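Visitor: Let me give you the structure first, and then I'll get to my questions.
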Amino acid sequence: MVSSSNATTSPMASSSNAESPMQLTQGPQFQGRPSKRMHVMAKPIGAVCNIDCNYCYYLSKQDLLEYKKGCSPEMDEAMLEQYIKNYIQAQNTPEIIFSWQGGEPTMLGLNYFKKIVELQAKYQPPGVKISNDLQTNGTLLDDKWCEFLAKHNFLVGLSIDGPQMLHDAYRTNRAGRGTHKQVMKLSNYYINIK
(Lines of atoms letter the chains of each structure in order from A and count residues from 1; the text may use other names and numbers.)
(Lines give C-alpha, C1' and ligand atoms only; values in the text may rest on other atoms or scores of the structure.)
Protein backbone atom coordinates (compact mmCIF):
# COMPACT_ATOMS: atom_id res chain seq x y z
CA MET A 1 0.00 0.00 0.00
CA VAL A 2 1.29 3.48 -0.88
CA SER A 3 1.80 5.71 2.12
CA SER A 4 2.25 9.00 0.28
CA SER A 5 -0.43 11.57 1.08
CA ASN A 6 -0.82 12.60 -2.57
CA ALA A 7 -1.28 9.12 -3.97
CA THR A 8 -4.37 8.41 -6.03
CA THR A 9 -6.46 5.31 -5.94
CA SER A 10 -6.59 3.40 -9.19
CA PRO A 11 -10.03 2.32 -10.38
CA MET A 12 -8.56 -1.17 -10.65
CA ALA A 13 -7.38 -1.19 -7.02
CA SER A 14 -9.14 -3.65 -4.80
CA SER A 15 -9.28 -3.70 -1.06
CA SER A 16 -10.98 -5.81 1.50
CA ASN A 17 -10.97 -2.79 3.78
CA ALA A 18 -14.56 -1.52 4.24
CA GLU A 19 -13.29 2.05 4.45
CA SER A 20 -11.83 2.09 0.93
CA PRO A 21 -11.30 5.63 -0.37
CA MET A 22 -12.64 4.57 -3.78
CA GLN A 23 -16.31 5.43 -4.24
CA LEU A 24 -18.38 4.44 -7.23
CA THR A 25 -20.30 7.42 -8.52
CA GLN A 26 -23.59 7.25 -10.32
CA GLY A 27 -24.05 8.63 -13.80
CA PRO A 28 -26.25 11.59 -14.69
CA GLN A 29 -29.42 11.91 -12.65
CA PHE A 30 -32.84 13.28 -13.54
CA GLN A 31 -35.59 13.59 -10.94
CA GLY A 32 -33.55 11.55 -8.46
CA ARG A 33 -33.11 8.54 -10.74
CA PRO A 34 -30.38 7.53 -13.19
CA SER A 35 -30.89 9.29 -16.50
CA LYS A 36 -31.96 6.99 -19.35
CA ARG A 37 -31.99 8.34 -22.89
CA MET A 38 -32.46 6.68 -26.24
CA HIS A 39 -33.06 7.89 -29.76
CA VAL A 40 -35.35 6.13 -32.22
CA MET A 41 -36.00 7.27 -35.77
CA ALA A 42 -39.62 6.34 -36.44
CA LYS A 43 -40.80 5.71 -39.99
CA PRO A 44 -44.57 5.93 -39.54
CA ILE A 45 -45.24 5.55 -43.27
CA GLY A 46 -42.61 2.92 -43.96
CA ALA A 47 -40.94 3.23 -47.36
CA VAL A 48 -43.84 5.06 -49.05
CA CYS A 49 -42.65 8.23 -50.80
CA ASN A 50 -44.06 10.70 -53.31
CA ILE A 51 -40.82 11.13 -55.24
CA ASP A 52 -38.52 8.64 -56.95
CA CYS A 53 -34.87 9.40 -56.20
CA ASN A 54 -32.74 7.28 -58.50
CA TYR A 55 -30.32 6.33 -55.70
CA CYS A 56 -32.93 5.42 -53.08
CA TYR A 57 -32.58 1.86 -51.87
CA TYR A 58 -35.35 2.28 -49.32
CA LEU A 59 -38.19 2.83 -51.80
CA SER A 60 -37.75 -0.68 -53.20
CA LYS A 61 -38.05 -2.13 -49.69
CA GLN A 62 -41.83 -1.64 -49.72
CA ASP A 63 -41.98 -4.26 -52.51
CA LEU A 64 -40.52 -6.81 -50.07
CA LEU A 65 -43.45 -6.39 -47.68
CA GLU A 66 -46.60 -8.36 -48.29
CA TYR A 67 -49.47 -6.37 -46.89
CA LYS A 68 -52.54 -8.34 -45.95
CA LYS A 69 -55.84 -7.19 -47.40
CA GLY A 70 -56.91 -4.02 -45.62
CA CYS A 71 -53.45 -3.40 -44.12
CA SER A 72 -51.11 -0.60 -45.06
CA PRO A 73 -47.56 0.41 -44.15
CA GLU A 74 -48.78 3.42 -42.15
CA MET A 75 -48.59 3.38 -38.38
CA ASP A 76 -52.26 3.53 -37.38
CA GLU A 77 -53.53 5.74 -34.57
CA ALA A 78 -53.60 2.97 -31.94
CA MET A 79 -50.02 1.96 -32.75
CA LEU A 80 -48.96 5.62 -32.82
CA GLU A 81 -50.39 6.20 -29.35
CA GLN A 82 -48.72 3.05 -27.98
CA TYR A 83 -45.39 4.06 -29.53
CA ILE A 84 -45.51 7.60 -28.09
CA LYS A 85 -46.57 6.40 -24.64
CA ASN A 86 -43.89 3.68 -24.47
CA TYR A 87 -41.15 5.89 -25.90
CA ILE A 88 -41.82 8.56 -23.27
CA GLN A 89 -42.11 6.05 -20.40
CA ALA A 90 -38.86 4.31 -21.38
CA GLN A 91 -36.82 7.47 -20.81
CA ASN A 92 -35.85 9.47 -17.78
CA THR A 93 -34.37 12.67 -19.15
CA PRO A 94 -35.23 16.37 -19.12
CA GLU A 95 -35.83 16.27 -22.89
CA ILE A 96 -37.29 13.55 -25.10
CA ILE A 97 -36.74 13.85 -28.84
CA PHE A 98 -38.98 12.19 -31.42
CA SER A 99 -37.58 11.78 -34.95
CA TRP A 100 -39.96 11.28 -37.87
CA GLN A 101 -38.70 9.94 -41.20
CA GLY A 102 -39.92 7.91 -44.13
CA GLY A 103 -40.31 7.34 -47.08
CA GLU A 104 -41.95 10.72 -46.91
CA PRO A 105 -43.64 11.26 -43.53
CA THR A 106 -45.63 14.33 -44.64
CA MET A 107 -47.68 12.01 -46.89
CA LEU A 108 -49.51 11.04 -43.69
CA GLY A 109 -51.03 14.53 -43.68
CA LEU A 110 -51.05 17.43 -41.29
CA ASN A 111 -53.82 15.97 -39.11
CA TYR A 112 -51.60 12.95 -38.41
CA PHE A 113 -48.87 15.23 -37.05
CA LYS A 114 -51.40 17.24 -35.07
CA LYS A 115 -52.37 13.92 -33.45
CA ILE A 116 -48.69 13.24 -32.70
CA VAL A 117 -48.37 16.53 -30.80
CA GLU A 118 -51.67 15.89 -28.99
CA LEU A 119 -50.55 12.42 -27.85
CA GLN A 120 -47.16 13.73 -26.76
CA ALA A 121 -48.90 16.33 -24.58
CA LYS A 122 -51.16 13.61 -23.15
CA TYR A 123 -48.20 11.50 -21.97
CA GLN A 124 -45.67 14.28 -21.28
CA PRO A 125 -44.32 13.99 -17.72
CA PRO A 126 -44.08 17.18 -15.63
CA GLY A 127 -40.78 18.99 -16.10
CA VAL A 128 -39.92 17.17 -19.33
CA LYS A 129 -39.53 18.92 -22.67
CA ILE A 130 -40.77 17.06 -25.76
CA SER A 131 -39.08 17.92 -29.06
CA ASN A 132 -39.63 16.70 -32.61
CA ASP A 133 -37.55 16.55 -35.74
CA LEU A 134 -38.79 15.76 -39.21
CA GLN A 135 -36.81 14.69 -42.28
CA THR A 136 -38.69 15.60 -45.46
CA ASN A 137 -38.20 16.11 -49.18
CA GLY A 138 -40.24 19.31 -48.73
CA THR A 139 -42.48 18.85 -51.75
CA LEU A 140 -45.71 18.69 -49.71
CA LEU A 141 -45.00 21.55 -47.32
CA ASP A 142 -47.30 24.57 -47.64
CA ASP A 143 -48.57 27.47 -45.49
CA LYS A 144 -50.43 25.23 -43.06
CA TRP A 145 -47.55 22.80 -42.68
CA CYS A 146 -45.00 25.57 -42.14
CA GLU A 147 -47.19 27.31 -39.56
CA PHE A 148 -47.68 24.04 -37.67
CA LEU A 149 -43.98 23.10 -37.75
CA ALA A 150 -42.97 26.57 -36.54
CA LYS A 151 -45.65 26.68 -33.83
CA HIS A 152 -44.50 23.34 -32.39
CA ASN A 153 -40.76 24.03 -32.85
CA PHE A 154 -40.08 21.07 -35.14
CA LEU A 155 -36.48 20.81 -36.29
CA VAL A 156 -36.88 20.19 -40.03
CA GLY A 157 -34.27 18.43 -42.13
CA LEU A 158 -34.84 19.23 -45.79
CA SER A 159 -33.41 16.83 -48.37
CA ILE A 160 -31.74 18.82 -51.15
CA ASP A 161 -29.02 17.43 -53.39
CA GLY A 162 -27.20 20.67 -54.17
CA PRO A 163 -27.90 23.10 -57.02
CA GLN A 164 -30.84 22.55 -59.37
CA MET A 165 -28.86 20.74 -62.06
CA LEU A 166 -27.60 18.16 -59.57
CA HIS A 167 -30.79 17.91 -57.49
CA ASP A 168 -33.05 17.42 -60.52
CA ALA A 169 -30.78 14.72 -61.93
CA TYR A 170 -31.38 12.55 -58.85
CA ARG A 171 -34.54 13.69 -57.06
CA THR A 172 -37.46 13.38 -59.47
CA ASN A 173 -41.21 13.07 -59.11
CA ARG A 174 -43.03 9.99 -60.39
CA ALA A 175 -43.26 11.56 -63.86
CA GLY A 176 -39.47 11.88 -63.98
CA ARG A 177 -39.35 15.66 -63.54
CA GLY A 178 -36.96 17.32 -61.09
CA THR A 179 -38.28 18.60 -57.74
CA HIS A 180 -35.81 21.45 -57.07
CA LYS A 181 -38.17 24.34 -57.94
CA GLN A 182 -40.91 22.77 -55.82
CA VAL A 183 -38.59 22.51 -52.81
CA MET A 184 -37.09 25.99 -53.29
CA LYS A 185 -40.56 27.53 -52.98
CA LEU A 186 -40.09 27.00 -49.24
CA SER A 187 -38.02 30.19 -49.23
CA ASN A 188 -41.42 31.94 -49.56
CA TYR A 189 -42.12 30.69 -46.01
CA TYR A 190 -39.00 32.37 -44.65
CA ILE A 191 -37.20 29.05 -44.47
CA ASN A 192 -33.56 29.84 -45.08
CA ILE A 193 -32.30 27.54 -47.82
CA LYS A 194 -28.62 27.89 -48.71
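For the record, in the sequence shown the residue sitting at position 91 is 91 according to the numbering used here, with numbers rising by one throughout.
Yeah, the Cβ is synthetic: ideal placement off N, Cα and C, and Gly gets one too.
Small disclaimer: the values here were computed from a predicted structure and weren't measured.
I need the straight-line Cα distance from residue 45 to residue 118, nearest angstrom please.
Guide: Counting from one through the sequence shown, the residue named residue 45 turns up at place 45. Counting from one through the sequence shown, the residue named residue 118 turns up at place 118. Taking the straight line joining both Cα atoms gives about 19 Å.
Visitor: Spatial neighbours of residue 153 within its chain, please: CB distance less than 6 Å, with the 5 preceding and 5 following residues excluded, ordered by chain position.
Guide: The residue you call residue 153 lines up with position 153 of the sequence shown. Excluding positions up to five away in sequence, the list is empty.
Visitor: Give the straight-line distance between the Cα atoms of residue 133 and residue 146, rounded to the nearest whole angstrom.
Guide: The residue given as residue 133 occupies position 133 in the sequence shown. The residue given as residue 146 occupies position 146 in the sequence shown. Each residue's alpha carbon lies about 13 Å from the other.
Visitor: From residue 150 to residue 41, what distance separates their C-alpha atoms?
Guide: Numbered from 1 along the sequence shown, position 150 holds the residue referred to as residue 150. Numbered from 1 along the sequence shown, position 41 holds the residue referred to as residue 41. Approximately 21 Å, taken between the alpha carbons.
Visitor: Can you give the Cα-Cα distance for residue 128 and residue 51, rounded to whole angstroms?
Guide: Translated into positions along the sequence shown, residue 128 becomes position 128. Translated into positions along the sequence shown, residue 51 becomes position 51. Distance between the alpha carbons of residue 128 and residue 51: 36 Å.
Visitor: Whose C-alpha, out of 113, 55 and 89, is nearest the C-alpha of residue 99?
Guide: Within the sequence shown, numbered from 1, the residue matching residue 99 stands at position 99. Per the Cα distances, 113.
Visitor: So, is residue 95 buried or exposed, given that buried needs 16 or more other C-beta atoms within 10 angstroms?
Guide: Translated into the one-based positions of the sequence shown, residue 95 becomes position 95. Classification for residue 95: exposed.
Visitor: Could you check what DSSP says for residue 197 in three-state terms: helix, strand or coil?
Guide: This structure does not reach residue 197, given that the chain is present from 1 up to 194, and the question cannot be answered.
Visitor: Apply the 10 Å Cβ neighbour rule to residue 25 and answer buried if 16 or more other Cβ atoms are within range, or exposed otherwise.
Guide: Locating residue 25 in the sequence shown gives position 25, counting from the first residue. At residue 25 the pLDDT is 47, less than 50, meaning the model places this residue with poor confidence and gives no usable figure here.
Visitor: Quick check on this structure: which residue in 165, 139 and 148 has the alpha carbon closest to the alpha carbon of residue 184?
Guide: Counting from 1 along the sequence shown, the entry for residue 184 is found at position 184. For the residues 165, 139 and 148, the minimum Cα distance to residue 184 belongs to 139.
Visitor: Give a yes or no on whether the C-beta atoms belonging to residue 92 and residue 36 are separated by under 7 Å.
Guide: As a working mapping, residue 92 is identified with position 92 in the sequence shown. As a working mapping, residue 36 is identified with position 36 in the sequence shown. Yes, Cβ-Cβ distance for residue 92 and residue 36 is below 7 Å.
Visitor: Considering Cα atoms alone, identify which of 55, 187 and 88 is closest to residue 143.
Guide: Taking the first residue of the sequence shown as position 1, residue 143 is located at position 143. Checking every option, the nearest Cα to that of residue 143 belongs to 187.
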